[in-house]
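There are 2 protein chains.
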Amino acid sequence: MNSVTLQSPLDMHIHFRQDEMLRRVAPLSALHFAGGVIMPNLLPPVDTVERLLWYTQEVREALNGAPFQPYMTMFFRDYTERELAEAKPHMLGIKLYPAGATTNSDGGVQEIRSMHHVFAMMEEMQIPLLVHGETHGFVMDREREFCEVYRHLATTFPRLRITMEHITTQDAVALLDEFENLFATVTPHHLIITLDDVVGGMMNPHLFCKPIAKRPEDRDALLDAALKAHHKLMLGSDSAPHPRSKKECPGCAAGVFTAPIQLPLLAELFNKHGALSNLQAFVSDNARRIYNVTPPERTITLSNTAMTIPESYAQDVVPMWAGRTIGWSVVS
Amino acid sequence: MNSVTLQSPLDMHIHFRQDEMLRRVAPLSALHFAGGVIMPNLLPPVDTVERLLWYTQEVREALNGAPFQPYMTMFFRDYTERELAEAKPHMLGIKLYPAGATTNSDGGVQEIRSMHHVFAMMEEMQIPLLVHGETHGFVMDREREFCEVYRHLATTFPRLRITMEHITTQDAVALLDEFENLFATVTPHHLIITLDDVVGGMMNPHLFCKPIAKRPEDRDALLDAALKAHHKLMLGSDSAPHPRSKKECPGCAAGVFTAPIQLPLLAELFNKHGALSNLQAFVSDNARRIYNVTPPERTITLSNTAMTIPESYAQDVVPMWAGRTIGWSVVS
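Residue numbers (this note's numbering), protein chains in the order written: chain D, 13 to 344; chain P, 13 to 344.
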């Protein structure tokens with residue numbers, strides 16, 4: 013029997029949604045995690061202090077006392093200094109979406125350079141900037157093209173802490189070593205799949221997400237950085253629940269649901285590559301250090317005990333690899 | 013009012029399937045076309061003379077007297093000279109599938125070089141070779157990688173007439189001018205869409221096909237060749253019916269259904285680019301010359317009269333752009 017015990021795992025990129033979906037999926041993240049970063053792309057987005065406090069309360073109610081610390085975020089817009097000052101104690105950072113880049117992002121930023129004054133205030137106030145880094149170019153090029161924006165922001169605002177969210181390319185991995193103030197999250201699925209898994213055989217809507225899975229060499233670069241627990245890289249699942257009816261349809265929504273299965277997936281993956289000893293840093297320590305957070309104390313133990321991934325969670329949310337049996341599971 | 017009249021359009025790559033689906037879709041190709049090439053990837057494949065004659069009869073019955081000439085094909089395997097001689101009068105050519113490359117191709121070729129003796133016989137007997145040209149590599153690279161196989165075949169068998177079916181890359185377009193004995197079909201959808209249309213916004217299973225739509229520069233190269241009616245390029249829709257339940261599901265089958273809408277799509281496209289005068293060559297004359305066939309005389313007239321693409325055909329086959337209104341339609 014092989015096993016690993018993790019101290020207070022953190023999922024640094026989660027979509028909890030709202031209302032009934034929130035109440036169904038928040039407890040699934042709380043099963044295995046001591047905390048996580050909650051994304052603000054609701055309709056309308058979380059972009060006022062009032063709405064931030066309201067959403068925090070909604071999330072806390074959905075968690076129903078579970079030992080899970082939600083790290084809240086606000087949706088980037090042209091905030092005033094006063095708004096930022098008021099919001100800062102209640103959030104981890106501000107999430108920037110290029111307009112239209114993903115789910116509920118139509119109200120996102122049209123032109124990065126027109127927002128320099130906001131970045132400058134965030135830098136001064138030490139508010140982290142979390143970024144969905146995709147241009148509006150060809151789908152396979154969007155993140156690579158956006159690396160120029162990362163370079164621009166990292167250079168122009170050298171004390172602004174910038175997290176490249178859910179990176180998918182070797183280009184983004186390379187930026188981690190190029191700029192001191194660039195950090196990143198990566199999803200479990202982008203460590204495992206490529207575009208081949210999405211559209212290379214049968215097309216699988218449950219592996220469709222944004223940014224889309226890329227080439228094998230991209231996946232390999234991400235995996236290499238994760239397995240060695242690159243000190244600027246954190247687990248962020250981007251777990252994004254959609255009901256089956258929004259996935260198995262002519263206009264399939266973007267998002268892969270992995271919240272309750274990602275630790276088993278990762279334990280199996282890290283074990284396979286002989287890197288189990290680096291899992292703690294990847295799923296918790298790096299995030300604690302990067303964001304200077306102290307999550308609730310929790311201990312999660314996984315072992316090489318097979319589990320079959322359920323066909324659905326939260327009534328009708330189909331997870332990644334539904335029905336497939338994997339080699340590891342959470343045992344306590 | 014703008015219009016174009018086409019003489020005996022030909023669709024040089026069609027999937028008619030069998031049984032009930034055959035009876036539903038064959039008449040839809042016969043609506044606007046004077047003939048077409050019928051693919052042999054049934055289960056089991058059409059790979060004996062007996063099965064070829066049986067399938068020909070099935071197709072004729074499904075066409076029910078419509079003025080449509082089905083040009084039949086056989087599924088490539090290690091045929092004897094006698095088999096080829098017997099089959100030749102009853103078919104247009106032999107279709108080669110790399111094993112597992114697409115729908116019902118598990119029985120395809122494992123190793124091209126082990127089949128040189130068959131290619132040599134086909135060359136000698138002047139039987140055209142039709143090829144699904146994809147390797148088993150990364151999905152965006154498969155056709156480009158297969159170009160080496162096309163080069164090898166074209167060079168080794170200079171008198172073998174080879175059609176690169178449903179080409180999707182600028183690399184394949186370039187081969188047309190490099191080797192005298194290479195020809196190609198291209199689908200209407202690959203002249204219009206890129207991977208962005210499949211997975212760049214919402215994911216659209218009804219635009220998922222093999223080979224998958226590629227990059228904008230690939231689409232542009234295909235379109236350029238089609239608009240000028242490159243003399244070695246033919247319309248071949250690869251129209252591939254699947255019931256909705258096989259498309260809007262976790263394992264979506266590959267295939268775009270365009271049989272009854274492709275001429276309106278093409279008329280609108282060619283008109284938009286000022287190339288309406290080249291449409292006749294692209295949809296008929298090139299194929300007649302390349303294969304030396306004389307289809308039934310038919311006249312199809314299209315004009316810039318809007319039509320709304322039906323939500324489904326053949327009971328529950330969803331076509332490309334279902335529900336969308338396009339600017340051209342068949343008027344007589």
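Yeah, the Cβ is synthetic: ideal placement off N, Cα and C, and Gly gets one too.
Note that this is a predicted model, so its numbers are computed, not measured.
Does any residue of chain P have a CB that is nearer than 9 Å to the CB of residue 328(D)? no
Residues of its chain near residue 257(D), where Cβ-Cβ distance is below 8 Å and the 5 sequence neighbours each way are ignored: Taking C-beta separations shorter than 8 Å and ignoring five residues to either side along the sequence, the partners of residue 257(D) in its chain run 328, following chain order.
Since residue 37(P) is in the alpha helix (DSSP H), which residue starts that stretch and which ends it? For residue 37(P), the uninterrupted alpha helix (DSSP H) run begins and ends at 31–42, by DSSP.
Kindly indicate if chain D contains any beta-carbon less than 9 Å away from that of residue 261(P). yes
Could you tell me whether the Cβ of residue 77(P) comes closer than 9 Å to any Cβ of chain D? no
Assuming residue 64(P) and residue 58(P) are in contact, meaning their beta carbons sit under 8 Å apart, how far apart are those beta carbons, in whole angstroms? 5 Å
Minimum length 3: unbroken beta strand (DSSP E) runs contained in the stretch 131–201 of chain D: Segments of the beta strand (DSSP E) lying fully in the stretch 131–201 of chain D: 141–143, 174–176 and 194–198.
So, helix, strand or coil for residue 15(D), using DSSP? strand
Within 9 Å of any Cβ in chain P, is that where the Cβ of residue 196(D) sits? It does not: the Cβ of residue 196(D) has no partner Cβ on chain P nearer than 9 Å.
State the beta-bridge partners of residue 83(D) as determined by DSSP. 49(D)
According to the neighbour-count rule (16 or more other Cβ atoms, all chains shown, within 10 Å of its Cβ), is residue 340(P) buried or exposed? Flag for residue 340(P) reads buried.
Counting only the same chain and skipping the five closest in sequence on each side, list residues whose C-beta sits under 7 Å from that of residue 10(D). Because residue 10(D) is not part of the residues shown, which for chain D are 13 to 344, the question remains open.
Assess, as a yes-or-no matter, whether the stretch 257–275 of chain P is touched by the stretch 192–209 of chain D under the definition of 3 or more beta carbon pairs within less than 8 Å. Judged by Cβ distances under 8 Å, the stretch 192–209 of chain D makes no contact with the stretch 257–275 of chain P, as fewer than three pairs qualify.
To the nearest angstrom, report how far apart residue 97(D) and residue 255(D) are at their CA atoms. 37 Å
Compare the C-alpha of residue 86(P) against each of 113(P), 75(P) and 119(P) and name the closest. 119(P)
Determine the chain P residues that contact residue 63(D) at a beta-carbon separation under 8 Å, and present them in chain order. What residue 63(D) touches in chain P: nothing, since even the nearest Cβ is about 27 Å away.
Out of curiosity, what's the CA-to-CA distance linking residue 343(D) and residue 177(D)? 30 Å
May I ask you to verify whether the stretch 32–45 of chain P touches the stretch 266–279 of chain P, counting CB pairs closer than 8 Å and requiring at least 3? yes
For residue 240(P), collect the residues of the same chain with a Cβ closer than 8 Å to its Cβ; drop the 5 residues on either side in sequence, then sort them by chain order. Apart from the 5 residues on each side of it in sequence, residue 240(P) sits with its Cβ closer than 8 Å to the Cβ of 287 and 290 in its chain, given in chain order.
Going along chain D in order, which residues have a C-beta closer than 9 Å to the C-beta of residue 218(P)? 262
Can the beta-carbon of residue 89(P) be found closer than 9 Å to that of residue 49(P)? no
Under a CB-based cut-off of 9 Å, is residue 276(D) close to chain P? no
Name, in chain order, the residues that DSSP records as bridge partners for residue 338(P). 319(P).
Would you kindly work out how many angstroms separate the C-alpha atoms of residue 213(P) and residue 69(P), rounded to a whole number? 43 Å
Below 8 Å, how does it come out for the stretch 162–173 of chain P and the stretch 212–232 of chain P: are there three or more Cβ pairs, yes or no? no
For residue 267(D), count neighbouring Cβ atoms within 10 angstroms of its own Cβ and tell me buried if that reaches 16, exposed if not. By the neighbour-count rule (16 or more Cβ atoms within 10 Å), residue 267(D) is buried.
Residue 337(P) to residue 218(P), Cα distance in whole Å? 16 Å
Can you confirm whether residue 211(P), when its beta carbon is compared against all beta carbons of chain D, has any partner nearer than 9 Å? yes
Is the beta carbon of residue 279(D) less than 9 Å from the beta carbon of residue 234(D)? no
Quick check on the burial criterion: 16 or more other C-beta atoms within 10 angstroms. Buried or exposed for residue 135(P)? buried
Cut-off 8 Å between Cβ atoms - residues of its own chain near residue 117(P), not counting five sequence neighbours on either side: 53, 109, 110, 111 and 144
Of all Cβ atoms in chain P, is any one closer than 9 Å to the Cβ of residue 322(D)? no
Residues of its chain near residue 318(D), where Cβ-Cβ distance is below 6 Å and the 5 sequence neighbours each way are ignored: Excluding residues within five positions, the ones whose Cβ falls inside 6 Å are 337 and 339.
Using the rule of at least 16 other Cβ atoms within 10 Å of the residue's Cβ for burial, across every protein chain shown, is residue 180(P) buried or exposed? buried
Alpha helix (DSSP H) segment containing residue 108(D), residue limits: Taken as a continuous stretch (DSSP letters only), residue 108(D) belongs to no alpha helix (DSSP H), being part of the beta strand (DSSP E) at 105–108.
Whose Cβ in chain D lies nearer than 7 Å to the Cβ of residue 265(P)? Those are 214, listed as they occur along chain D.
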